[in-house]
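Novice: Counting with the numbering used here, you get residues 166 to 476 for the letters of the sequence shown. Ideal Cβ positions, reconstructed from N, Cα and C, are used throughout, including at glycine. I have a structure I would like to understand better, so I am pasting it below and will then ask my questions one at a time.
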Amino acid sequence: QDLGVVAVGFSKGQPKAGVDAGPEALIDSGLLTQIREELGYKLHGDTKVQKYEELIATTDADHRGMKNPFTTSAVNRKISEEVYEHAKEGRLVLTLGGDHSVAIGTVTGSAKAIRERLNREIALIWVDAHADINTPEVSDSGNIHGMPVAFASGLAKDDKEEYFGWIKEDMLLNVKKLVYIGLRDVDKAEKQILRENGIKAFSMFDVDRYGIGRVVEMALAYIGADTPIHLSFDVDALDPMWAPSTGTPVRGGLTLREGDYICEAVHQTGSLVAIDLVEVNPSLAATEAGAQETVRAGCSLVRCALGETLL
Ligand code: ARG
Ligand code: MN
Ligand code: MN
Ligand code: MN
């Protein structure tokens, strides 16, 4: 199968340095080679990480409380185009981040391509400790990595082209096709957004109550068979025991096996059109071993989503 690779070393969606080195760490540990040689995918796109240095503004004033809004918008516009180009060709698209703001680009790119190519709406499975659905007005932090779902679904919008105004109707995700797994740190205003929009969410409470097998079964049943699926996996969905090297770790998360299981089960549907793996920040772990563990976990999740562990 053909795989489009988008490797984005981007960190301006949040304040901590180092998450821009995530994709390189994943690639250096052999991820792309394994995907090509062991899993047999034909790779297209980035073999080297893109930093988009030319798009990073030297002054980038806050807009509606958003930090680095101009740069984050510009980089995501490029990501959206790239993901769109791959997906339009019928390639499965793998995006390695970078902070989770990059999903503004990935989700809008695949939503548009799948509408054009298959005349279908994508479903989005968002695996994360966080809901990342703040609108600029309700965000406490102003960090755009806490807002990608809002922008990708049109719950947040802006008239100005340079501040995400480039996101057009045909790029939007339908919030009825969104499912969360792994939530455990959701802001008060986000809870209200989830409630008001009737968004389907399986928190860690549900994982404990039903087990990961039934949670994934329910998530896939909600989406409906045969729906093209975009999987956006924030490595902080995993418990910090497995993935300590990330910007906003939250205890009480998924085990590595539970994360891998989600990816395997989604692969098994045969409906996967895009995968994001984000928020690996090799510089944040207390020990070098912690950084390595996080990179290994990220590689494992991606390989599972690409079918490695299924017999
Ligand atoms: N809800 C918090 C915020 O909006 C944390 C978001 C964390 N997001 C992430 N992609 N790690 O700032
Ligand atoms: Mn998160
Ligand atoms: Mn996230
Ligand atoms: Mn397969």
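Quick one, which of S448, G187, I200 has its alpha-carbon nearest T167's?
Specialist: The sequence given here places Asp at residue 167; Thr does not occur at that position. Closest option to D167, Cα to Cα, is I200.
Novice: Under 8 Å: does the beta carbon of T223 sit that close to some heavy atom of ligand 2?
Specialist: No, ligand 2 has no heavy atom inside 8 Å of this Cβ.
Novice: D297: beta carbon under 8 Å from a heavy atom of ligand 2?
Specialist: Checking every heavy atom of ligand 2 against the Cβ of D297, one is found closer than 8 Å.
Novice: Look at the alpha carbon of T260 and the alpha carbon of A222, and state the distance between them as a whole number of angstroms.
Specialist: Cα-Cα distance, rounded: 23 Å.
Novice: Mind checking which residues open and close the alpha helix (DSSP H) that includes E467?
Specialist: Before going on, a small fix: residue 467 reads as Val here, not Glu. Per DSSP, V467 belongs to the alpha helix (DSSP H) from 453–470.
Novice: In whole angstroms, give me the CA-to-CA distance for A354 and L476.
Specialist: About 43 Å.
Novice: Let me check you understand the geometry: is the CB of E444 closer than 8 Å to at least one non-hydrogen atom of ligand 3?
Specialist: E444: yes, Cβ under 8 Å from ligand 3.
Novice: Just confirm the distance between the C-beta atoms of T420 and D404, as a whole number of angstroms; I'd bet it's less than 8 Å.
Specialist: T420 to D404, Cβ: 6 Å. Contact.
Novice: Going by C-alpha to C-alpha distance, which of E202, S194, Y249 sits closest to G210?
Specialist: G210 has its Cα closest to that of Y249, out of E202, S194, Y249.
Novice: With a threshold of 8 Å, establish whether the CB of S304 neighbours any heavy atom of ligand 1.
Specialist: Yes, Cβ of S304 sits closer than 8 Å to a heavy atom of ligand 1.
Novice: Count Cβ pairs between the stretch 380–399 and the stretch 282–293 that sit closer than 8 Å; are there 3 or more?
Specialist: At 8 Å Cβ cutoff, the stretches touch.
Novice: Evaluate L283 with the Cβ neighbour count: other Cβ atoms within 10 Å of its Cβ, from every protein chain shown; 16 or more gives buried, anything less gives exposed.
Specialist: Exposed, since its Cβ has fewer than 16 Cβ neighbours within 10 Å.
Novice: Entirely within the stretch 366–419 and at least 3 residues each: give me those beta strand (DSSP E) ranges in chain order.
Specialist: Within the stretch 366–419, the complete beta strand (DSSP E) runs of at least 3 residues are 394–399.
Novice: May I ask whether a heavy atom of ligand 1 can be found less than 8 Å away from the beta carbon of M231?
Specialist: Outside the cutoff, so no.
Novice: How should G418 be labelled, buried or exposed, when 16 other C-beta atoms within 10 angstroms of its C-beta is the threshold for buried?
Specialist: The residue in question, G418, is buried, as its Cβ has 16 or more Cβ neighbours within 10 Å.
Novice: Starting from G210, trace the alpha helix (DSSP H) both ways and give me its first and last residue.
Specialist: First-last for G210: 207–210, but that is the beta strand (DSSP E), not the alpha helix (DSSP H).
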